Structures are given as C-alpha cells and as structure tokens.
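Under the working numbering, the first residue of the sequence shown carries the number 11, and numbering increases by one thereafter.
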Amino acid sequence: MNAISNERAGRRVRGAEIAPEAAAARALDEIYADELDVLKVQRAMDPAAIGAITSRLDALAPAAQWARPNSSMPVQDVQLLGADAPATPTYSAPRGVTLEAYLDSAQRHEGDLERLFGPGFDLVGRIERTLARFAGGRPVRLARSADGRAYAPCTLRRMAPGTAIAIHHDYHYDLALYRELGPMLDRRTLVSYVFTLQRAESGGGLDVYGVTPTTPDAPKLPNGFQWDAAAIEARYDRRRVDCDVGDLFLLAAGRCLHSVAKVEGPRPRITLGGFLALDKAGDAVVYWS
Numbered sequence: 011m012n013a014i015s016n017e018r019a020g021r022r023v024r025g026a027e028i029a030p031e032a033a034a035a036r037a038l039d040e041i042y043a044d045e046l047d048v049l050k051v052q053r054a055m056d057p058a059a060i061g062a063i064t065s066r067l068d069a070l071a072p073a074a075q076w077a078r079p080n081s082s083m084p085v086q087d088v089q090l091l092g093a094d095a096p097a098t099p100t101y102s103a104p105r106g107v108t109l110e111a112y113l114d115s116a117q118r119h120e121g122d123l124e125r126l127f128g129p130g131f132d133l134v135g136r137i138e139r140t141l142a143r144f145a146g147g148r149p150v151r152l153a154r155s156a157d158g159r160a161y162a163p164c165t166l167r168r169m170a171p172g173t174a175i176a177i178h179h180d181y182h183y184d185l186a187l188y189r190e191l192g193p194m195l196d197r198r199t200l201v202s203y204v205f206t207l208q209r210a211e212s213g214g215g216l217d218v219y220g221v222t223p224t225t226p227d228a229p230k231l232p233n234g235f236q237w238d239a240a241a242i243e244a245r246y247d248r249r250r251v252d253c254d255v256g257d258l259f260l261l262a263a264g265r266c267l268h269s270v271a272k273v274e275g276p277r278p279r280i281t282l283g284g285f286l287a288l289d290k291a292g293d294a295v296v297y298w299s
C-alpha cells in the first residue's frame with residue numbers, strides 16, 4: 011500500500027492508497043487495531059458504470075426527492091437519497107432520530123437506490139462484495155433490528171456548490187437509535203465507507219485529523235460543543251484524501267475527527283456510503299447507513 015503524505019507532526023494520521031485489485035484483506039483489522047486510519051481504494055467501482063447513472067441523476071431523482079435534514083444550516087445542507095432519517099445527528103435532530111423513526115425511514119425508502127441504479131448494476135451486491143475484500147474473510151451482512159427489519163444499506167449524498175461538512179467524528183453508539191445495534195458491535199471504532207460518484211470541480215476533499223474524541227484538551231469553541239477548526243488545523247496532523255469517480259475510502263470515523271472541504275465550482279460532489287463495524291465476536295462485518 012502506498013502511504014498518503016503527511017502535512018503535520020503530532021499524532022500521526024495513518025493512511026494508505028491501493029490500486030483497484032490490490033490485496034488488502036487485513037485493512038479492517040488494521041483500522042480496528044489503531045494501525046490504519048484511512049484507506050483509499052482506487053476505482054473500487056467502475057467509473058463508466060457510475061457515470062451512466064450520474065449523467066442522468068437529475069432526471070432520475072428530481073430535487074424534490076432529496077431529503078434535506080440539515081437545511082436549517084445551508085453551508086452544511088447535505089442532501090440525501092435512500093433515507094430521510096439518517097443514522098447520524100443532523101440539524102433537525104441533533105441527538106439523532108429514534109430507532110423507530112430510523113427503521114420507518116429505511117422501510118419507506120427500501121429499494122429506492124437499487125431501482126435508481128437499475129437491476130443490472132446490483133448495487134447492494136457490489137457494495138457487499140467490495141467491503142468483503144477488506145473484511146479478513148468474514149461475511150458482510152446488513153444490520154437488522156431485533157424484529158428483523160432491515161437497516162438502510164447505503165445513502166446517496168449530494169453536496170451542492172458552497173457546502174461543506176464541519177469537523178466532527180462519527181462515534182454514534184450512544185445515540186438512541188443505536189440502542190439495539192450498538193451492543194451487538196465491537197465499539198472500539200465505527201468505520202465509514204464512501205464511494206465517490208461525482209467529484210466536485212474543486213474542493214470537496216476529505217480531511218482527516220490527528221485528533222480523537224478522547225484527545226486531552228482538544229480545542230473547542232466557547233459553546234463547548236463545536237470543534238475549533240482553526241486551532242485544530244494549526245496544531246494537529248492532517249491528511250487530505252481526494253477521490254476520483256469510483257474511488258472508495260474506508261475511514262476510522264469513530265476515532266478520527268474529519269471534515270469535508272467546501273465544494274467549489276458548478277458541479278456537486280456526490281457520494282454513496284454508510285457505516286460498518288465488526289460484530290462483538292469479531293466474526294462478521296455489519297453495515298448500515
């Protein structure tokens with residue numbers, strides 16, 4: 011694996027980049043062992059097949075179909091397809107939605123993205139086969155509730171020009187919607203998986219910082235809630251990960267603070283992804299969005 015260059019000293023952000031067919035079966039184990047923070051996989055999905063979808067996306071999915079749970083904060087108004095109640099905090103639900111609301115959303119939107127991509131694309135199958143490459147031989151399975159209802163397998167995310175995602179982490183296990191799933195998982199971290207479907211003309215890169223939720227005295231704004239981006243940029247190690255169409259990144263999102271740079275130019279940044287974790291026994295990989 012080729013190392014992605016460092017920009018600052020301090021707690022080092024460990025990153026690597028691999029070619030499309032390179033072997034990386036231990037990647038998830040390395041992320042869990044705190045040996046690897048972010049892995050970029052070139053062309054993990056076929057760019058030509060993705061382009062056939064994104065070129066028709068406005069016709070296939072008009073603006074009214076996209077959920078906007080962060081619309082009250084325009085600069086972070088990430089638009090969603092495949093769910094209207096995501097498995098994360100939002101500005102409309104700062105502590106996340108209830109588990110029942112999440113499962114209702116997953117049920118309402120079940121199959122939406124598979125239909126969008128078409129039967130020949132086999133969206134969920136592609137995701138599971140790709141994630142299995144990094145799972146150390148473990149099966150990859152979609153999360154389900156205690157009564158058997160399926161979690162959302164993935165969401166499509168569009169960032170319009172001018173939007174960004176502020177510094178945050180995704181250690182969400184304490185949210186109410188994780189009351190069933192959380193105890194079933196190895197909670198040492200939570201991993202984001204994200205495929206790039208359309209790259210912004212400029213900006214939109216992933217920044218990963220050498221700061222964790224438990225870093226002593228990590229700088230925050232006076233409100234005590236938001237991270238102080240300027241201080242973090244100045245004091246801690248950072249890695250920029252820029253992805254082309256079809257590239258995938260796996261990120262220790264529950265461990266490393268991260269952000270997405272402002273999208274510049276007329277073209278939106280469009281990604282597809284969700285989360286994954288080892289189950290508590292370490293015998294399987296569970297994913298959801």
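All C-beta atoms, glycine included, are put in the ideal place defined by N, C-alpha and C.
Quick caveat, the model's predicted, so the values are computed rather than measured.
Which whole-angstrom value describes the C-beta separation of residue i and residue j, a residue pair presumed to lie in contact below a C-beta threshold of 8 Å?
i: VAL23; j: ASP227; result: That belief does not hold up - the Cβ atoms of VAL23 and ASP227 are roughly 19 Å apart, past 8 Å.
i: LYS50; j: VAL295; result: In fact, because the Cβ distance is near 19 Å, the residues do not count as touching under 8 Å.
i: LEU185; j: ARG105; result: 6 Å
i: LEU282; j: LEU141; result: Actually they are not in contact, since the Cβ atoms of LEU282 and LEU141 sit about 12 Å apart, beyond 8 Å.
i: VAL218; j: HIS268; result: 5 Å
i: VAL301; j: ALA153; result: Residue 301 lies beyond the residue range present for the chain, which begins at 11 and ends at 299; the question has no answer from this structure.
i: TYR183; j: GLY192; result: 4 Å
i: TYR42; j: ARG198; result: 6 Å
i: ASP47; j: ALA262; result: 5 Å
i: GLN52; j: ALA29; result: 6 Å
Which residue or residues does DSSP assign as beta-bridge partners of residue i?
i: LEU166; result: LEU91 and LEU282
i: ILE28; result: VAL51
i: PHE8; result: Given that the chain is displayed from residue 11 to residue 299, the structure contains no residue 8 and the question cannot be resolved.
i: SER212; result: GLU274
i: TRP76; result: DSSP lists no partner for TRP76.
i: ILE63; result: Note: ILE63 sits in no beta bridge, so no partner.
i: HIS178; result: HIS268
i: ASP289; result: LEU195
i: TYR297; result: LEU152 and LEU286
i: ASP217; result: ARG250 and SER269
i: ALA160; result: ARG154
Under 8 Å between the Cβ atoms of residue i and residue j?
i: TRP298; j: ALA73; result: no
i: THR100; j: PRO79; result: yes
i: ASP94; j: ALA69; result: no
i: ARG279; j: ALA210; result: yes
i: ALA34; j: PHE144; result: yes
i: SER115; j: SER102; result: no
i: LEU286; j: ALA37; result: no
i: THR108; j: LEU187; result: yes
i: ALA271; j: GLY213; result: yes
i: ARG159; j: MET55; result: no
i: ARG148; j: ASP293; result: yes
i: GLN208; j: THR64; result: yes
i: CYS164; j: GLY92; result: yes
Whole angstroms are fine: how far does the CA of residue j sit from the CA of residue i?
i: ARG265; j: ASP157; result: 30 Å
i: GLY284; j: TYR203; result: 6 Å
i: PRO229; j: ALA59; result: 43 Å
i: ALA240; j: ALA26; result: 26 Å
i: GLU138; j: ALA111; result: 25 Å
i: PHE205; j: GLY234; result: 33 Å
i: LYS290; j: ASP87; result: 34 Å
i: LEU67; j: VAL255; result: 15 Å
i: SER155; j: LEU113; result: 8 Å
i: HIS119; j: ASP132; result: 17 Å
i: GLU243; j: PRO232; result: 17 Å
i: ALA32; j: CYS253; result: 17 Å
i: ASP44; j: GLN75; result: 39 Å
i: MET169; j: GLN89; result: 7 Å
i: GLY121; j: GLY130; result: 14 Å
i: PRO171; j: LEU258; result: 22 Å
i: ASP238; j: ARG189; result: 30 Å
i: THR225; j: HIS179; result: 12 Å
i: ALA162; j: LEU288; result: 17 Å
i: GLU124; j: GLY275; result: 29 Å
i: GLN117; j: THR222; result: 34 Å
i: PRO57; j: ARG21; result: 35 Å
i: GLY146; j: VAL134; result: 20 Å
i: ARG249; j: ALA62; result: 31 Å
Nearest chain D C-beta to residue i closer than 8 Å, yes or no?
i: THR173; result: The structure shown contains no chain D, having only a single protein chain.
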